[in-house]
Structure formats: structure tokens, C-alpha cells
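Participant:
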Amino acid sequence: MSEQDWVPTGIDVSRPHPARVYDYHIGGKTNYPVDRELAEKFIAVAPQTTVTALDNRAFLARAVRYAAEQGIDQFLDIGTGIPAPGNTHEIAQEVVPSARVAYVDNDPIVLAHARALMPATDKGRTGFTLGDVREPDKVLAAPEVRELIDFDRPVCVLLLGILHYVADDRDPAGIVARLLDAVPSGSLLILSHTTSDFLPPISADSVLAVNDEAEFMLPRPHAQILPFLAGVELLEPGLVQAPLWHPDEDADLSPERLAQSWIYCAVGRKP
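Just so we're aligned, residue 57 is where the sequence shown starts under the numbering used here, counting upward by one.
(1) Any beta carbon of chain D sitting closer than 8 Å to that of isoleucine 138?
(2) Any chance you could list the beta strand (DSSP E) runs of at least 3 consecutive residues sitting entirely within the stretch 148-224, in chain order?
(3) Quick test of your reading: proline 311 and tryptophan 301, contact by CB under 8 Å. State the CB separation rounded to the nearest angstrom.
(4) Rounded to whole angstroms, what's the CA-CA distance from proline 283 to glycine 230? Just pull it up for me.
(5) Could you tell me if serine 241 is buried or exposed, where buried requires 16 or more neighbouring beta carbons within 10 angstroms of its beta carbon?
(6) Quick check: what's the CA-CA separation for valine 189 versus valine 120?
(7) Identify whether aspartate 227 lies in helix, strand or coil by the three-state DSSP scheme.
(8) From the DSSP output, read off the bridge partner residues of leucine 247.
(9) I need the DSSP call for leucine 290, collapsed to helix, strand or coil.
(10) Could you check which residue in Arg325, Val323, Arg234 and Leu295 has the C-alpha nearest to that of arginine 276?
(11) Taking 6 Å as the limit between beta carbons, can you name the residues of its chain near leucine 196, skipping five residues before and five after?
Here it is, written out as C-alpha cells:
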């Protein structure tokens, strides 16, 4: 087994995990053969899946920077995934050095690698806890979260690429509403969600077949994602494809480029 495939004690690598598959797509090294196999299946039928993952990561950086520039200094990042360059705390603390970030993920490998990949700095504070977005009350009550986040002051809640793993019968809209109930007026919600709206007919069936085989994610159309944002006032430009949300000046926004970005993103403010 290579160094890349070293498995911390207690980690299940018999099944692919979303955080590790995503890590592979964005060029990370904390993934295992089962994760790479599934990622390559997606890439084989639709190379846009990697473009989409990278677009999501770039949106994270722009949205977190925006939140910090608005004076937000507390971030609750649920479904954070494997640490990689451009983590939430790195972006936020560039703007607000004292910013605090509570990371939550349901994969023990995230915690196993977090301390090594996110060394302590003299800026702000970060913490990590095991938790599942489908159990928002447990996430909100976690000691590590309560230690870092003051829920009497505005908080930025991040749900990046996580709700498409929540089935309809688990009430994703209700989960978002519960998280927003816990934060005060002026808080921000940063959300992204994959979609099949832009899958060309030639590859749609193949992509969804791979997804169904792995029981992996549930891409939703724009009309089904929008209700998840019911508790916030959407900031311009609303719920749009990732490259369209406050793009960099040199961003390629051509129709051909946008056709490769299969993810919607938005930032909203709690009234």
C-alpha cells in the first residue's frame, strides 16, 4: 500500500465516501482506490464532474471572502470534506484574522487528517467535530461547535455540496430551516448543490446510472433547490451556476464554459 493509501485506524474504505471522491476531483491526495474508482467512472461518462468540483471550490473562496468582508467572523462549515488548500478558515482569516471556524463532517478521516493538514496558527481558532447534516440538532449542540460559535452574534453557515446527499424523505429544506433558526438576524447562508439541468442528453443517462449504482447523490433542478433558501434573502445574483456568482474579472462565462458547470450556488442573509 502506498503512502497515499495509508488508512487511519477505524476508517472504512470499503465504500466510496463523498468527501474523498470530491478530494480526488479537486486534485487532493486523501482518497483511496474505491473513491478513485467511482470518481473515474463519473469522469469517463462526463469529465464535467471534475470541472464542477473545481467550480464549487472556487465559489467557496469567493463566498467566504465576501462574508468576511461583510464583518462575519464566525463560520459553521458543515460537510467540510478533506482539508485542502483554500480552506474556509484560511480565506476568512485573510480578511478577519480573529475569525473562528467550526468544521463538521461525518467522515472520521476528515478529523484524522485535519490536525496534520490544518496546523495551528496565530490567527483565530478552528475546531473539528464528527457530525451529520441530517442531524442538525446534534451538530448545533456539539461541544466543539458551542465552544467556537456564539449563536447570539451573526454566523455564516456553509452547506457546500452537501444537501445533494440528503434524500427528500429526510427533509433537506427542514434541515436548512433548523440551522437558520439557530442563528440571529444578519447571519449568512452559503449553499451549493449539484444539478442535472445542464447534462446533455447524450450523457445524462450514463451519469445518472453511475450515480444510482453508487447510491451517491441526488442532483436536483433549480426549482427544487430554491426552496432550501426560503429562510434567507437571496443576495445578487441569486441562485446561479457557480461561475456566475461574483465572478473574477478574467472569468470565462461563455455558454460553452457554463455548460460544464453542473452546480448551483447562492448566498443569502437571514432577515
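Just so you know, even glycine gets a beta-carbon here, dropped at the ideal spot from N, CA and C.
Facilitator: On the basis of the coordinates in this document:
(1) Structure shown: chain D not included; a single protein chain is present.
(2) Runs of the beta strand (DSSP E) inside the stretch 148-224: 156-161, 181-186 and 212-216.
(3) 17 Å between Cβ atoms; not a contact.
(4) 10 Å
(5) exposed
(6) 19 Å
(7) Coil.
(8) Leu215 and Ala322
(9) strand
(10) Leu295
(11) Ala238
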